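If you're matching positions, the sequence shown starts at 1 in full-length UniProt numbering and goes up one per residue. Here the structure is laid out as structure tokens; the discussion comes afterwards.
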Amino acid sequence: MSAPMLEVDGVALQVGKRWLCCEFAMQLAAGECLALLGPNGAGKTTLLNTIAGLRSPTVGEVRIEGRPLAQWDSLALARCRGLLTQHQGDHFSSSVLQTVLIGRHPH
């Protein structure tokens with residue numbers, strides 16, 4: 001059996017003195033989708049930034065295809081994942097589809 005496309009193992013996030021996630025774990029196979037729900041300030045965006053490799057977890061590990069994020073170089077990581085935030089500035093009046101398709105160009 002192959003490794004999951006994305007795996008989050010025992011991740012805990014701390015911002016200042018506040019813990020946002022404790023022992024969060026999940027596995028996603030290629031083609032699966034996940035929704036994160038929770039109240040404002042619960043840590044959803046911080047968790048997504050951690051999963052995308054934009055910040056390190058306080059505890060635990062994120063792996064893509066069985067390999068820890070820390071072992072990926074930035075170009076290889078850019079080619080296998082993308083992040084489109086809720087508030088995306090658009091200076092060119094692009095459609096939603098055009099904006100998302102820009103993410104297919106990792107460099």
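Every residue gets a Cβ at the ideal spot worked out from N, C-alpha and C, and that includes glycine. Bear in mind that the values here come from a model prediction, so they are computed numbers and not experimental data.
Ranking ALA76, ALA52, GLY31, LEU13 by CA distance to the CA of GLY82 puts ALA52 first. C-alpha of PRO68 to C-alpha of GLN98: approximately 31 Å in a straight line. With a 10 Å radius around the Cβ and a threshold of 16 neighbouring Cβ atoms, LEU47 comes out buried.
Close CB contacts of GLU7 within its chain, under the 6 Å cut and outside five residues either way in sequence, are with GLN27, ARG63 (chain order). Per DSSP, LEU75 is one residue of the alpha helix (DSSP H) stretching across 74-80.
A Cβ-Cβ contact shorter than 7 Å links THR50 with PRO57. Taking 4 residues as the minimum length, the alpha helix (DSSP H) runs contained wholly in the stretch 11-77 are 44-51, in order along the chain.
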